[in-house]
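Asks: Chains P and C are the protein sequences, given in the same order. Heads up: the first sequence begins at 3 in our numbering, then just goes up one per residue. Heads up: the second sequence begins at 769 in our numbering, then just goes up one per residue. What follows is a single structure, and I will ask about it in a moment.
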Amino acid sequence: MKMNQLGKLALSALMGLTMLAGCGGSDGASDGKVIVNLASEPPEMNSFMNQDSTSGNVLRHTVEGLTTLDSNDNPVEGVAKSWDISDDKLTYTFHLREDSVWNDGTPVTANDFKFAWDQLFTTYLGAAYGSTWAVLIDGAEELMAQTKTKKDAKSAAAKKAYENVGYKVIDDYTFEVKLTGPYPYILGTFAFYSFAPINEKLYNKYGGIKHYGDDADRMAYNGPFVLSSWTHEDNMVLTKNDKYWNKDAIKLNEITFKMIKDTNTALNEFENGTIDMIGLSGIQASKLKDAGKEIQTYGDGSVWYMEFNMNRPGLKNAKVRKALTMGIDCEKFIKTIPMNDSQVATSFTPPVINGGEFTKSVGNVWERANGDYTNAKKLLEEGLKEEGIDPKNFSIELLGDDSDTAKITYEFVQEQLKTNLGVKLEIKPVPFKTRIQRMNDKNFDIVWAGWSLDYNDPMSYLDLWLTGGGNNHGGYSNPEYDKLVKSAYMEADVEKRTQMLLDAEKILAEDCAIGLVYWRSRDFICSDKLTGVQRSALRDMDLRFAETK
Amino acid sequence: MLKYIIKRICYALLTLLLLIAITFLMMHAAPGDPFARDKAMTPETKAALYARYGLDKPLWMQFLIYVGNIFKGDLGTSTKYGREVTTIIGESFPISFELGIRSLVISIFGGILLGTIAAIRRGKAADTVAMTVAVIGVSVPSFIVAALLQYFLALQLNLKLGSVFFPITGWTSEMSKVLPAFALGLSSMATISRLMRTSMLDALNSDYIKTAKAKGLSEKRIIWKHAVRNAIMPVITVLGPITASILTGAFVVEQVFSIPGMGKFFVTSIQELDYMMIAGTTIFYGAFLIIMTLLVDIAYSIVDPRVKLANGKE
Chain P
3 MKMNQLGKLA LSALMGLTML AGCGGSDGAS DGKVIVNLAS EPPEMNSFMN
53 QDSTSGNVLR HTVEGLTTLD SNDNPVEGVA KSWDISDDKL TYTFHLREDS
103 VWNDGTPVTA NDFKFAWDQL FTTYLGAAYG STWAVLIDGA EELMAQTKTK
153 KDAKSAAAKK AYENVGYKVI DDYTFEVKLT GPYPYILGTF AFYSFAPINE
203 KLYNKYGGIK HYGDDADRMA YNGPFVLSSW THEDNMVLTK NDKYWNKDAI
253 KLNEITFKMI KDTNTALNEF ENGTIDMIGL SGIQASKLKD AGKEIQTYGD
303 GSVWYMEFNM NRPGLKNAKV RKALTMGIDC EKFIKTIPMN DSQVATSFTP
353 PVINGGEFTK SVGNVWERAN GDYTNAKKLL EEGLKEEGID PKNFSIELLG
403 DDSDTAKITY EFVQEQLKTN LGVKLEIKPV PFKTRIQRMN DKNFDIVWAG
453 WSLDYNDPMS YLDLWLTGGG NNHGGYSNPE YDKLVKSAYM EADVEKRTQM
503 LLDAEKILAE DCAIGLVYWR SRDFICSDKL TGVQRSALRD MDLRFAETK
Chain C
769 MLKYIIKRIC YALLTLLLLI AITFLMMHAA PGDPFARDKA MTPETKAALY
819 ARYGLDKPLW MQFLIYVGNI FKGDLGTSTK YGREVTTIIG ESFPISFELG
869 IRSLVISIFG GILLGTIAAI RRGKAADTVA MTVAVIGVSV PSFIVAALLQ
919 YFLALQLNLK LGSVFFPITG WTSEMSKVLP AFALGLSSMA TISRLMRTSM
969 LDALNSDYIK TAKAKGLSEK RIIWKHAVRN AIMPVITVLG PITASILTGA
1019 FVVEQVFSIP GMGKFFVTSI QELDYMMIAG TTIFYGAFLI IMTLLVDIAY
1069 SIVDPRVKLA NGKE
């Protein structure tokens, strides 16, 4: 064989290795079928155990609670066709529809709610949201106290707690719930997947706490879609549930959730026409906008800030905290880091709550430098002097996550504080779990943190800063603030309650309890074929009422 | 040879036990809580989760239970996904393995071919091209190769053709497996080709090749029968480490092509502090690599009869 023949052989061998037969790909949206990017594997599909938004995005389509949320995030009828509210707003009686059934045809009854809620408030099962919701429901905290271990849960005291807890089966289609306070947001809260029903028989059949929700054939569905297949780490296929009571309102026949984590890969799929909806990074969104594509945006409900450790030198002084907050040009931050429609925060409660009315009422109570840092520098100098710290020796550490985006964020803050205030900021990026550990141990000066809502009310944000709260890592404490928030918990008069929370917002700004930065928005793009997708802070991804052209 | 293999298996088991012990100690020493999340959890809920996964027991007891369970084929339950580690490995490893094998085939055959051509055509255009490919392969990280292949050979080609030729993601059709395998195998192909070139040049300058030429053997026979067979020995030596790097280094390529392989679990379980997943994947890969190294040693003796495994003499 001559050498040029050898070369040809090499080339053809390499081609042969790469050019193998077969051709894949999908058609994108057609016949009511859509493919959207979920971005990652849902870690927990057992509704009462769930705590993450990825699984929540799937559960929203497969299970339905007493209520559900409409396109404005208002609670509307779900499994409950109507409800009565007592005059003191403490007792809700839900009348369940008789045409709501599980995918095997079994009717959804009040017993399914009682069973699911019992699991949620049985401490030893470990539902992360149990303690969050237990405070709302009469007797639920007692139930949690009596069920700390498996053994406890079988005791006479636990049995009594299960019987006396504030939710009761009146009959198969009547479910009564007694609350601990007149919570105006409670109907929306019952739409949350923690409160979704679970059929005990099917739950045990599919493996109970160990396996329920592990696979497509290991859970029951009463929502508009059923999970017909789940290829782990790759995709989930949801098909329309013909047994769903409101099936006529559902236009899509099939939703495929892909789990493409890499945003560039997802964009390639979108441009290839093989996926109908993807989330976008700020850079991607701005490039697509420049190319004339229609980008959709929604406020995801998260507020981002610097949490100060009140026990660290200098940081217990409100003037220092205020100076550091003013030291960041938030508008420049948004143009540089998220690069989208995120907004400079003017209150801790973002405008996604109650249609933005509350945020509007708070007004702009956070002082910003607006390019003139004279006042911020003066405040810093005064504050440090009061604390007996030489400004030249003032150096602090910013703790945060170690992702690439997070690191760019901290570098921006570092540069801003150095340029605008002359403050030396050390950056300490660590893995997520380590950051949480250090926050819990109060082992930080400043931590870059975010908070998002659990329910549609300012309280979902404002009770964060109560003295001794589990998420109040910096140790902020103001008795006046505590009094206002705690009074608001029990206040039935909506106007009075709103005023209390507005006053609490003002105290937070006056004390500069945190270094408030921005409210985050997220961008996404849909193919021309897919319309009617709804995304909001409470419904991250909602395709229940979407359709294809 | 049987005696040698039994001895090696005993050593392997001991190594594995040590690996389990070290992994166990190190993962528990890592700062953080496996159940940590943004929103605080009550101590009671956290205690319940610790009890559910058996993490409430003393470390030595957890270790003994874990080792005992391994013999029953149970690698524990993932704290992140709540599913058995063996199930997750069972689903994801065959994919990573297939990707690895395809990459190995590309890197071995491609590397040997490129190296051989470069040696035979030393100093000529083919040599320059082959070695340029090798330098690119060694110096450009696989995630860049993967992203470039995906963008140009999948997206742009598909847009030009108006139909899907190479799918952008997934691991379903044969075509979907081509680009990931190539992206993962390129670096090793480059390493092998450089090694093969050097080794081949040595072989071509050897006396026995001159003798073969003097005997009037054909060039084809000289190259493939005599030169390549001797030059290939160093390549076989590096196959062990290359196999290890391909099989454990698939994380990035799997992520770019969204392939549901095991690479993700191997890497992210550490960030997630998913104890059972960290231990399970480490032990699984550890065992796999020990077996692979043993197989390479046996292969070595078959290719070169001078290597005697039983007494270690050459």
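All C-beta atoms, glycine included, are put in the ideal place defined by N, C-alpha and C. Please read these numbers as outputs of a predicted model, since none were measured by experiment.
If the criterion is Cβ atoms closer than 9 Å, does the pair R62 (chain P) and G225 (chain P) meet it?
Replies: Cβ distance < 9 Å, so R62 (chain P) and G225 (chain P) count as in contact.
Asks: Which residues bound the alpha helix (DSSP H) around I438 (chain P)?
Replies: F434 to N442
Asks: Taking CB distances under 9 Å as the criterion, tell me whether K771 (chain C) reaches chain P.
Replies: no
Asks: If we count Cβ pairs, one from each stretch, closer than 8 Å, do we get three or more for the segment 131-150 of chain P versus the segment 261-277 of chain P?
Replies: Segments in contact, no.
Asks: Can you name the residues of chain C whose CB is closer than 7 Å to the CB of E273 (chain P)?
Replies: In chain order: L923.
Asks: Does the distance from the CB of Y169 (chain P) to the CB of Q53 (chain P) come in under 9 Å?
Replies: no
Asks: Just reading off the beta strand (DSSP E) that P77 (chain P) is part of, what are its end residues?
Replies: P77 to E79
Asks: Does the segment 1050-1059 of chain C come within contact of the segment 886-904 of chain C, defined as at least 3 CB pairs closer than 8 Å?
Replies: no
Asks: Where does K263 (chain P) sit, in a helix, a strand or coil, going by DSSP?
Replies: coil
Asks: Classify T258 (chain P): buried if its beta carbon has 16 or more other beta carbons within 10 angstroms, exposed otherwise.
Replies: buried
Asks: Please determine, among P:S304, P:E235 and P:S288, the residue with the shortest C-alpha to C-alpha distance to I527 (chain P).
Replies: When only C-alpha atoms are compared, the closest one is P:S288.
Asks: Going along chain C, which residues have a C-beta under 9 Å from M261 (chain P)?
Replies: S1026 and P1028
Asks: Tell me where the beta strand (DSSP E) around A451 (chain P) begins and ends.
Replies: I448 to W453
Asks: Does the CB of Y1043 (chain C) have a neighbour CB from chain P at under 9 Å?
Replies: Not an interface residue.
Asks: Would you kindly work out how many angstroms separate the C-alpha atoms of M1045 (chain C) and L985 (chain C), rounded to a whole number?
Replies: 57 Å
Asks: Between the C-alpha atoms of Q501 (chain P) and N356 (chain P), what's the straight-line distance to the nearest angstrom?
Replies: 15 Å
Asks: Would A1018 (chain C) and M1001 (chain C) qualify as a contact pair, given that the criterion is a beta-carbon distance under 9 Å?
Replies: No, the pair does not count as a contact, with Cβ atoms beyond the cut-off.
Asks: Given I336 (chain P), which residues of its chain have a CB within under 7 Å of its CB, disregarding the five upstream and five downstream residues?
Replies: S344, V346 and Y520
Asks: Given S397 (chain P), which residues of its chain have a CB within under 7 Å of its CB, disregarding the five upstream and five downstream residues?
Replies: The beta carbon of S397 (chain P) lies closer than 7 Å to those of K426 and E428 in the same chain, with the five residues before and after it left out.
Asks: Can you round the beta-carbon distance between T847 (chain C) and P802 (chain C) to whole angstroms, since I take them to be within the 8 Å contact cut?
Replies: Contact holds; Cβ gap of about 5 Å.
Asks: Which whole-angstrom value describes the C-beta separation of L2 (chain P) and D459 (chain P), a residue pair presumed to lie in contact below a C-beta threshold of 8 Å?
Replies: No information on residue 2 (chain P) is available, as it lies outside the stretch 3 to 551 that chain P covers here.
Asks: Answer yes or no: do S1090 (chain C) and L882 (chain C) have a C-beta to C-beta separation smaller than 9 Å?
Replies: Because chain C here runs from 769 to 1082, residue 1090 (chain C) falls outside it and cannot be looked at.
Asks: What does the alpha-carbon distance come out to for the pair T267 (chain P) and G879 (chain C)?
Replies: In a straight line, the C-alpha of T267 (chain P) is about 29 Å away from that of G879 (chain C).
Asks: Tell me whether S479 (chain P) sits in a helix, a strand or coil according to DSSP, three-state version.
Replies: coil
Asks: Our contact map puts T1011 (chain C) next to F1033 (chain C) with C-beta atoms below 8 Å; I'd like the distance itself, whole angstroms only.
Replies: Between T1011 (chain C) and F1033 (chain C) the beta-carbon gap is near 19 Å, outside 8 Å, which marks them as no contact.
Asks: For a test of the three-state rule: what should DSSP assign to M737 (chain C), helix, strand or coil?
Replies: What the structure shows of chain C is the stretch from 769 to 1082, and residue 737 (chain C) is not part of that stretch, so it cannot be assessed.
Asks: Measure the beta-carbon distance from E271 (chain P) to I936 (chain C) and round it to whole angstroms, keeping in mind my assumption that it falls under 8 Å.
Replies: 5 Å
Asks: Which residues of the segment 124-136 of chain P have a Cβ closer than 8 Å to any Cβ of chain C? Give them in chain order.
Replies: So the list reads T125, Y126, L127, G128, A129, A130, G132, S133 and T134, given in the order they occur along the chain.
Asks: Please confirm whether D801 (chain C) has its beta-carbon closer than 9 Å to some beta-carbon of chain P.
Replies: yes
Asks: Distance cutoff 9 Å, beta carbons only. Does S538 (chain P) sit that close to anything in chain C?
Replies: no
Asks: Can you list the alpha helix (DSSP H) stretches of 4 or more residues lying completely in the segment 228-302 of chain P, in chain order?
Replies: 265-273 and 284-292
Asks: So that I know if they touch, is there some Cβ in chain P lying closer than 9 Å to that of K993 (chain C)?
Replies: Interface residue (Cβ-Cβ distance to chain P less than 9 Å): K993 (chain C) is not classified as such.
Asks: Using DSSP's beta-bridge definition, name the partner residues of K430 (chain P).
Replies: P:L401
Asks: Quick one: grab the DSSP three-state call for L832 (chain C).
Replies: helix
Asks: Does the distance between the C-beta of R522 (chain P) and the nearest non-hydrogen atom of the ligand NAP fall short of 8 Å?
Replies: Among the components of this structure there are no ligands whatsoever, and the ligand NAP is therefore not found.
Asks: Could you list which residues in chain C have their beta carbon closer than 9 Å to that of T276 (chain P), in chain order?
Replies: Neighbours of T276 (chain P) in chain C, taken as residues whose beta carbon is under 9 Å from its own, are N926, V932, P935, I936 and T937 in chain order.
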